[in-house]
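Below is one structure; the comments refer to it alone.
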Amino acid sequence: MAISVAATGSIASCADSCNGSIETTVLFAKPGPKGVGRNIYVDVVNKPALGIKKTLLYEGKEFGTFPHVVVINDPTNRYASNRSICFSKFRQAAPETGGDLAEEGIPTIVIER
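Each position in the sequence shown, counted from 1, maps to that position plus 984 in the numbering used here.
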């Protein structure tokens, strides 16, 4: 079951609590690499150069096109229930192989504490 695109537009911004950090809106999550954790697909709100414009698929159906998509690798499910994720330190993750070919090219990051 996918979150409707209209619903994501009504999610409250986390700008007040971000305090200059990178702010993202969670679109959906899928099982992570080799079944460990989750890959969280987000749209970057306040640092557009971090993501890319991409049409995403969810369970084989078009979910929507978003302007600044990034995948957050969350191996410990730390952000599993978040509607938005704010962070300031991250590193680029190595591109995954064997994933969904329709979603190739999306930058993948790991949030550092």
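Ideal Cβ placement from N, Cα and C applies to all residues, glycine included.
The region 1033 to 1050 makes no contact with the region 1017 to 1024: fewer than 3 CB pairs, one atom from each, lie closer than 8 Å.
Contact between residue 1029 and residue 1009 holds, with the beta-carbon distance rounding to 6 Å and staying under 8 Å. Cβ contact annotation for residue 1031 (same chain, cutoff 7 Å, sequence separation greater than five): 1006, in chain order. About 7 Å separates the beta carbons of residue 1050 and residue 1011, which is inside the 8 Å limit, making them a contact pair. Rounded to the nearest angstrom, the gap between the Cα atoms of residue 1013 and residue 1064 is 8 Å.
When only Cα atoms are considered, residue 1073 and residue 1094 end up about 9 Å apart. In the three-state reduction of the DSSP assignment, residue 1046 falls in the strand class. Closest option to residue 1019, judged by alpha-carbon separation, among 1039, 1058 and 1067: 1058.
Rounded to the nearest whole angstrom, the CA to CA distance from residue 1066 to residue 1036 is 21 Å. Residue state for residue 1007 is assigned as strand, using DSSP reduced to three classes.
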